[in-house]
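Those sequence lines, one after another, are chains A and B. Going by the working numbering, 231 is the number at position 221 of the first sequence; the sequence numbering is gapless. Going by the working numbering, 160 is the number at position 150 of the second sequence; the sequence numbering is gapless. Heads up, the beta-carbon is just placed ideally off N, CA and C, and yes, glycines get one too.
There are 2 protein chains.
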Amino acid sequence: MHDHAPDHRPQTLHARIRVEIEARILSGEWPPGHRIPPETELVATYGCSRMTVNKAMSSLAAEGLILRNRRAGTVVARPRIHSAILNIPDIRAKVEERGATYGYLALTDELRPPCCVHLGSEGHHLGRSRFIRSVHSSDALPVMLEDRHIFLDAVPQAERADFRAEPPGTWLVAHVPWTEAEHRIAAIAAEPLMARTLEIAVGAPCLLVERRTWRGTETVTIVRQVFRGDAFDLIARFGPNSER
Amino acid sequence: MHDHAPDHRPQTLHARIRVEIEARILSGEWPPGHRIPPETELVATYGCSRMTVNKAMSSLAAEGLILRNRRAGTVVARPRIHSAILNIPDIRAKVEERGATYGYLALTDELRPPCCVHLGSEGHHLGRSRFIRSVHSSDALPVMLEDRHIFLDAVPQAERADFRAEPPGTWLVAHVPWTEAEHRIAAIAAEPLMARTLEIAVGAPCLLVERRTWRGTETVTIVRQVFRGDAFDLIARFGPNSER
DNA sequence: GATTTAATATTGTATAGATATTAAATCAGA
DNA sequence: TCTGATTTAATATCTATACAATATTAAATC
Numbered sequence: 011m012h013d014h015a016p017d018h019r020p021q022t023l024h025a026r027i028r029v030e031i032e033a034r035i036l037s038g039e040w041p042p043g044h045r046i047p048p049e050t051e052l053v054a055t056y057g058c059s060r061m062t063v064n065k066a067m068s069s070l071a072a073e074g075l076i077l078r079n080r081r082a083g084t085v086v087a088r089p090r091i092h093s094a095i096l097n098i099p100d101i102r103a104k105v106e107e108r109g110a111t112y113g114y115l116a117l118t119d120e121l122r123p124p125c126c127v128h129l130g131s132e133g134h135h136l137g138r139s140r141f142i143r144s145v146h147s148s149d150a151l152p153v154m155l156e157d158r159h160i161f162l163d164a165v166p167q168a169e170r171a172d173f174r175a176e177p178p179g180t181w182l183v184a185h186v187p188w189t190e191a192e193h194r195i196a197a198i199a200a201e202p203l204m205a206r207t208l209e210i211a212v213g214a215p216c217l218l219v220e221r222r223t224w225r226g227t228e229t230v231t232i233v234r235q236v237f238r239g240d241a242f243d244l245i246a247r248f249g250p251n252s253e254r
Numbered sequence: 011m012h013d014h015a016p017d018h019r020p021q022t023l024h025a026r027i028r029v030e031i032e033a034r035i036l037s038g039e040w041p042p043g044h045r046i047p048p049e050t051e052l053v054a055t056y057g058c059s060r061m062t063v064n065k066a067m068s069s070l071a072a073e074g075l076i077l078r079n080r081r082a083g084t085v086v087a088r089p090r091i092h093s094a095i096l097n098i099p100d101i102r103a104k105v106e107e108r109g110a111t112y113g114y115l116a117l118t119d120e121l122r123p124p125c126c127v128h129l130g131s132e133g134h135h136l137g138r139s140r141f142i143r144s145v146h147s148s149d150a151l152p153v154m155l156e157d158r159h160i161f162l163d164a165v166p167q168a169e170r171a172d173f174r175a176e177p178p179g180t181w182l183v184a185h186v187p188w189t190e191a192e193h194r195i196a197a198i199a200a201e202p203l204m205a206r207t208l209e210i211a212v213g214a215p216c217l218l219v220e221r222r223t224w225r226g227t228e229t230v231t232i233v234r235q236v237f238r239g240d241a242f243d244l245i246a247r248f249g250p251n252s253e254r
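Below you can see the structure in the form of structure tokens.
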């Protein structure tokens, strides 16, 4: 096994500038809304021409990580909702968007010792986590059951957050900057516990969404959501030039 | 209603070059693998500097529409599989990747007159279509039932294609260039016909994927796929800098 | 004080030229 | 025929400069 984190130092100058700024954004050092130094200043710090800085910044802008405006300058973009699939963490917004009343109830909320998870191929060691099991409802009809781990190494503030009123998903999108996510989506039959909680028959079809979210290399959260099959669809749109 | 196709002529030179080349790719005039004139030649045809051409081409490359190599030149990329969700059209590849034997059987194959579809909000008028209902199996176990329309206005060659041996999804990815797609994913209970075809119990959970695919403004295909819930998952990965 | 006008900072676009990097093509030598 | 060195075509990067577009700020005017 010869993989010491393969030293992805970029070869070119504009790429170096790009990743340095990107790193500051992803690490949270430059949070959404933070103003990025103007090109002239970056030219001075990196000792290169403005075209080179411009190339780096343009590419970050093309990725949606920053917003640029003439005279107004450049700021870190706030994390946009990526695709409709990622909308699901914000089930509250989805429910309210339809004019229904959103409801949330935490059933379990506890700290868990470090554990190994086997989602995906190899088991990665993850630190302490806060575990929340909750039910989410639309107009008093329970539509989703959620088991969520939030890993405190990545998000230490989560230890003191109050999840009795605010759902952890909502709290996370407000408090944690840029993330990547991996999803597994499947159709399953409701097990007795799910069926009782979601008020459906045992064996009724449910949509299972398992999501693991990262910031950089650290795992932020792992969620397992079970939706009533008759109440929720996922919508996703892709294309070569989608959502740019 | 004042929307005469809002004249999206680009304001800047590099944008103009970009969309002109993009148009040739999306229209199929330059199919996957086609070699694009080198920068020096484009400089001559557009009468601009090489940096300007380079900016246009770099942005197409960043979007994955073209592949560029020093000395080797620039070619149109072949439509890559976008995300694991879009992998599903290529169920054949998925099955064979696991070492299983892929099987395909067309149950219905007919031409249908122009129709209106109501997927999404408003009903768009779509022209004649070829309709194929088929079963896809893994090691002789039926795992997916597919109803597909291919719209002949967008893909006239589809009228003469032979779908007895080759699944229409496979044929499409090979013959139709860049597309966008919209998906709806849901969990449903197997209806009697599905249950009989997929050899499962009536009411068993199934994953439903409805996909509508476009090229430019024309609808290429609309598919409705029902997967055995116990046999298939979807995997999707997203992030600010995913799949670049 | 409100409104218009001018100055200014910042990004966007474009040019011309220099050099570096890569990989295909060609050719020389064994 | 194979191998290895050399040429060469193409993209990649970088610099320096100029001007354009635009939003903010400051000044001037009513």
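Any C-beta of chain A under 8 Å from that of residue i
i	result
Ser131/B	Note that Ser131/B has pLDDT 44, beneath the 50 cutoff, so the model's placement of it is unreliable and the number below is only indicative. Chain A contact via Cβ: absent.
Gly210/B	Note that residue 210/B corresponds to Ile in the displayed sequence, not to Gly. No - not a single Cβ of chain A is within 8 Å of the one on Ile210/B.
Ala116/B	no
Gly226/B	no
Ala171/B	no
Asp157/B	no
His193/B	yes
Asn27/B	In the sequence as presented, Asn is not what sits at residue 27/B; that position holds Ile. Not an interface residue.
Ile91/B	Low local confidence applies: a pLDDT of 48 at Ile91/B is under 50, so the model's placement there is unreliable, with the coordinate-based value given in what follows. No, its Cβ sits nowhere closer than 8 Å to a Cβ of chain A.
Gly179/B	no
Tyr239/B	The amino acid occupying residue 239/B in the given sequence is Gly; Tyr does not appear at that position. It does: the Cβ of Gly239/B has a partner Cβ on chain A nearer than 8 Å.
Ala199/B	yes
6 Å CB neighbourhood of residue i in its chain, flanking five on each side removed
i	result
Gly130/A	No answer about Gly130/A holds up, because its pLDDT of 48 lies below 50 and its placement is not dependable.
Trp40/B	Arg34 and Val86
Val53/A	Arg60 and Val63
Glu220/A	Arg194 and Arg234
Trp181/B	Ala171
Asp163/A	Gly137
Pair within 8 Å by beta-carbon distance, residue i and residue j
i	j	result
Thr231/B	Arg143/B	no
Arg194/A	Ile245/B	yes
Gly83/B	Gly213/A	no
Arg28/B	Leu77/B	no
Arg222/A	Ala191/A	yes
Pro202/A	Gly239/A	no
Ala103/B	Arg174/B	no
Ala197/B	Leu208/B	no
Arg80/B	Gly43/B	no
His24/A	Ala66/A	yes
Met256/B	Val236/B	As shown, chain B starts at 11 and ends at 254. That puts residue 256/B outside it, with no answer to give.
Leu218/A	Phe242/A	no
Ala72/B	Ala72/A	yes
Below-8 Å beta-carbon distance, residue i vs any chain B residue
i	result
Ala72/A	yes
Leu217/A	yes
His44/A	no
His185/A	no
Leu244/A	yes
Ile76/A	no
Gly213/A	yes
Ile160/A	no
Ala33/A	no
Ala196/A	yes
Own chain partners of residue i with C-beta closer than 8 Å, once the 5 adjacent residues on each side are dropped
i	result
Glu32/A	Leu70 and Leu75
Pro48/B	Gly83 and Thr84
Residues sharing a beta bridge with residue i, DSSP
i	result
Gly83/A	Asn79/A
Ser147/B	Gly113/B and Pro152/B
Val236/A	Leu155/A and Leu218/A
Glu3/B	The structure shown has nothing for residue 3/B, since chain B only spans 11 to 254.
Ile198/B	Cys216/B
Ser139/A	Arg122/A and Phe161/A
Arg174/B	According to DSSP, which records beta bridges pairwise, Arg174/B is partnered with nothing at all.
Contacts around residue i, its chain only, beta-carbon distance under 7 Å, and the 5 residues preceding and following it disregarded
i	result
Gln21/B	none
Pro123/B	Arg138
Arg118/B	Strictly speaking, residue 118/B in this sequence is Thr, with Arg absent from that position. Counting only Cβ-Cβ distances below 7 Å, and skipping sequence neighbours, we find Phe141, Ile142 and Arg143.
Val289/A	Because residue 289/A is not part of the residues shown, which for chain A are 11 to 254, the question remains open.
Tyr114/B	Ser144, His146 and Pro177
Glu120/B	Phe141
Val105/A	Tyr112 and Ser148
Gly38/B	Pro187
Please determine if the stretch 110-127 of chain B and the stretch 146-153 of chain B are in contact, where contact requires at least 3 C-beta pairs separated by less than 8 Å. yes
Taking 8 Å as the cut-off, does the stretch 222-237 of chain A touch the stretch 165-184 of chain A (at least 3 CB pairs, one atom from each stretch)? yes
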